[in-house]
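One structure is given below, encoded as structure tokens.
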Amino acid sequence: MDYLAFEKPIEELIIKLEKAKEIGLDDSVDVSKTVADIESKIE
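Numbered per my numbering, the sequence shown finishes at 44, counting up by one with no gaps.
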């Protein structure tokens, strides 16, 4: 997806969210708070 210049902060948050979810796939790491924090910032 292409983002406009003013949408760059949102794009960066989405990238961080995707990375956190990837890390969360490892059962030994709980990223639920991080994911929730990022999702609230995106909204």
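Glycine included, C-beta positions come from ideal geometry on N, C-alpha and C.
(request) Kindly indicate the opening and closing residues of the alpha helix (DSSP H) around residue 29. (result) Counting along the chain, residue 29 falls outside any alpha helix (DSSP H), and DSSP gives it neither H nor E.
(message) Using a Cβ-Cβ cutoff of less than 7 Å, which residues in the same chain neighbour residue 35 once the five nearest sequence positions on both sides are dropped?
(response) 21
(request) Report the three-state DSSP secondary structure of residue 5 (helix, strand or coil). (result) coil
(message) Spatial neighbours of residue 39 within its chain, please: C-beta separation below 6 Å, excluding the five flanking residues on both sides.
(response) 14, 17 and 18
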